[in-house]
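Participant: Before we start, here is the structure in question, set down as structure tokens.
Number of protein chains: 2
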Amino acid sequence: MRLNSQQLKEFDELGYVFLPECFSDEEIAALRAEAEAIYRTDRQEVWREKSGAPRTAFAAHTYNEAFRLLGAHPRLIEPVSQLFSEPVYMHQFKINAKAAFEGEVWQWHQDYGTWARDDGMPEPRAMNISVFLDEVMAINGPLMFIPKSHKHGVLAAGHDKETTSYPLWTLDKETITRLCEEAAPPGGVGIVAPTGKPGSVLMFHGNLVHASPPNLTPYPRKIVYLTLCAVSNHIRTPTRPDWIAHRDFTPIAPVPDDALLQYARAYKVAAE
Amino acid sequence: MRLNSQQLKEFDELGYVFLPECFSDEEIAALRAEAEAIYRTDRQEVWREKSGAPRTAFAAHTYNEAFRLLGAHPRLIEPVSQLFSEPVYMHQFKINAKAAFEGEVWQWHQDYGTWARDDGMPEPRAMNISVFLDEVMAINGPLMFIPKSHKHGVLAAGHDKETTSYPLWTLDKETITRLCEEAAPPGGVGIVAPTGKPGSVLMFHGNLVHASPPNLTPYPRKIVYLTLCAVSNHIRTPTRPDWIAHRDFTPIAPVPDDALLQYARAYKVAAE
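Residue numbers (the numbering used here), protein chains in the order written: chain D, 1 to 272; chain C, 273 to 544.
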């Protein structure tokens, strides 16, 4: 799958592209069931909220077949390779839970800020491409983006180790206010929160400023994030475990477009 | 102003009625400026978040002329008297800030639960009628309602004194999940979050279950809540200060419909 010229223009101007319903219900049902099974394990890769509810599961593509297929899926790998004009490798792989009632805030941040500071990634030639496993609604903790904020490079940030269980380099109120003013149309608002059905895909620039509110509802909001990095831009000075910031810089060879679907069908038969 | 038969039916079935843009920009601008001035004072009636940002200001109708006029406004008093078929008095008056960046969560609760337990109000013959002073958007901490949940009477609740600076009788996850299942249309979701321009009015049943997420954005979300109680249903055994749960049970005599507008115009002239 390749982005068209309109999508490329949008990505350049706004810093993100939303692709509704890229994956089918069958594909997503298998991934959702596997994600829930992973959250029930006590692997070191599963991080929890202060309440004990799952917050994120790292590196599932290395130990789970469904997520291995997703992590090499052409609908995700190809658009990112296209944008970087070179092959990509997997820098990070997360399944963020934003669990019903328990999913906590992610404060305003840029992902590339962390990849640069903590992992020694040379340039913002990596980005997140995410897959909704549940419906993302305005009420269950959607991602909020500040459009155009990716044009500012790496902004000054503070290391927040208190607010949630997950340490994050976060931006201050003055910076967010200024970025929102710049992003807002006349009389409007400088924040967007794309919502959509399970199977929708959202790709966004490594420097795009984003946050998400907690989830107070009974409706979980699981999203898988593949962080794909241009191979030539591999990390130089990692400080985090290799299941958070991977050291395998092999270019990803995409699987066939129907590989996940075939897996999901076999999976369904096995479950019956 | 009276509710029409469609609005009465909606209120009975769903537990709330939304009335977009009931107040004009001029009226709201004056109220907004006065609310911000009140938040800057250190009166005992102004409660703050743990961060120090304003959370709510009580009883402003007793010490501020703009809010005195709002607290006796026919667009608010008349629909509630109509529903209760008797005059109403002011049980509580709040300006909730949900401040930019700082406004914290209000967990799932029923207001009448608190009025009954803490104030000795005999029946749920009181309700909130609220006025948006800022635009309420999906991103800045809107009220979330579970439609039809007002049909269940007072639900069992726990007294949460920890989550925020404001003690609240809150409902547990199992109850919320069950109520959402009952409220949801087939394949749908059992939560609504009405949004709208400044000046919009939202009235809701004292037993309607509601919550609101924190506000992570630079956009404040101030709402004034008049809690109007049928005079015959006045509280019997108050435990809270009289500026939180009022002891003056005098029926409210509405001011003229243009009283707030005239005030706002004079106010604007004075400011110039």
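For glycine and all other residues, C-beta sits at the position ideal for the given N, C-alpha and C.
#1: Answer yes or no: do C:I367 and C:I418 have a C-beta to C-beta separation smaller than 8 Å?
#2: Are the C-beta atoms of C:F373 and some chain D residue less than 8 Å apart?
#3: Measure how close the beta-carbons of D:S149 and D:L179 come, nearest whole angstrom, since I'm counting them as under 8 Å.
#4: Nearest CA to the CA of D:H91: which residue from D:P241, D:E182 and D:V131?
#5: Secondary structure at C:N505, three-state DSSP: helix, strand or coil?
#6: So C:A429 and C:L443 are in contact, right, with Cβ under 8 Å, and what is the actual spacing, rounded?
#7: State yes or no: is the beta carbon of C:Y438 nearer than 8 Å to at least one beta carbon in chain D?
#8: What are the start and end residues of each continuous beta strand (DSSP E) run of 3 or more residues lying completely inside the stretch 11 to 58 of chain D, in chain order?
#9: Quick one, are the C-beta atoms of C:T328 and C:A369 less than 8 Å apart?
#10: Identify every run of the beta strand (DSSP E) within the stretch 178 to 220 of chain D, keeping only runs that are complete inside it and at least 3 residues long; order them along the chain.
#11: Relative to chain C, which residues along the stretch 208 to 233 of chain D have a C-beta separation below 9 Å, given in chain order?
#12: Classify D:R2: buried if its beta carbon has 16 or more other beta carbons within 10 angstroms, exposed otherwise.
#13: Pick from C:R340, C:P351 and C:A325: whose alpha carbon is nearest that of C:F373?
#14: Taking the beta strand (DSSP E) that C:W378 belongs to, which residues open and close that run?
#15: Smallest Cα separation from D:R75: which of D:L260, D:A266 and D:A264?
#16: Find the residues of chain D that neighbour C:A325, judging by a C-beta separation of less than 7 Å, and give them in chain order.
#17: Mind checking whether D:I223 and D:V88 have CB atoms under 8 Å apart?
#18: Rank C:L286, C:Q278, C:E282 and C:V503 by C-alpha distance to the C-alpha of C:E454 and give the top, closest one.
#19: Does the contact criterion of 3 or more C-beta pairs under 8 Å hold for the stretch 213 to 220 of chain D versus the stretch 77 to 88 of chain D?
#20: What residues from chain D crowd round C:I463, counting only those whose CB sits closer than 7 Å?
#21: I'd like the span of the beta strand (DSSP E) that includes C:I607, first residue to last.
#22: What residue does the beta strand (DSSP E) around C:F404 start on, and which one ends it?
#23: Considering only residues of the same chain and omitting the five flanking positions on each side of D:N140, which have a CB-CB separation below 6 Å?
#24: Starting from the C-beta of D:T239, find all residues in its chain whose C-beta is less than 6 Å away, skip the five residues before and the five after it, and write them out in chain order.
#25: Going by CA-CA distance only, name the one from D:T227, D:G187, D:F204 and D:W169 that's closest to D:W106.
#26: So if I threshold CB-CB distances at 7 Å, which residues from the stretch 165 to 189 of chain D count as touching chain C?
#27: Against chain C, does D:V17 count as a neighbour if the rule is that its beta carbon must be under 8 Å from one of theirs?
Facilitator: In short:
#1: No, the Cβ-Cβ distance between C:I367 and C:I418 is not below 8 Å.
#2: yes
#3: Correct: roughly 5 Å between the Cβ atoms.
#4: D:P241
#5: helix
#6: 6 Å
#7: Not closer than 8 Å to any Cβ of chain D, the Cβ of C:Y438 fails to qualify, so no.
#8: 16 to 19, 46 to 48 and 54 to 58
#9: yes
#10: For secondary structure counted as the beta strand (DSSP E) over 3 or more consecutive residues, the stretch 178 to 220 of chain D holds these complete runs in sequence order: 201 to 205 and 210 to 212.
#11: A211, S212, P213, P214, N215, L216, T217, P218 and Y219
#12: exposed
#13: C:A325
#14: For C:W378, the uninterrupted beta strand (DSSP E) segment begins and ends at W378 to H381.
#15: D:L260
#16: The premise fails here: C:A325 is roughly 11 Å from chain D at the closest Cβ pair, so nothing lies under 7 Å.
#17: no
#18: C:L286
#19: The stretch 77 to 88 of chain D and the stretch 213 to 220 of chain D do not touch, with fewer than three beta-carbon pairs separated by less than 8 Å.
#20: Chain D residues near C:I463: I139 and T217.
#21: Residue 607 of chain C cannot be examined here, being either before or after the span of chain C that is shown, 273 to 544.
#22: In this chain, the beta strand (DSSP E) harbouring C:F404 covers A398 to F404.
#23: N215, T217, Y219 and R221, listed in sequence order.
#24: Once the five neighbours on either side are set aside, the close Cβ partners of D:T239 are D118.
#25: Ranked by Cα distance from D:W106, the first of D:T227, D:G187, D:F204 and D:W169 is D:W169.
#26: K173, I176, T177, C180 and V189
#27: D:V17 does not count as touching chain C.
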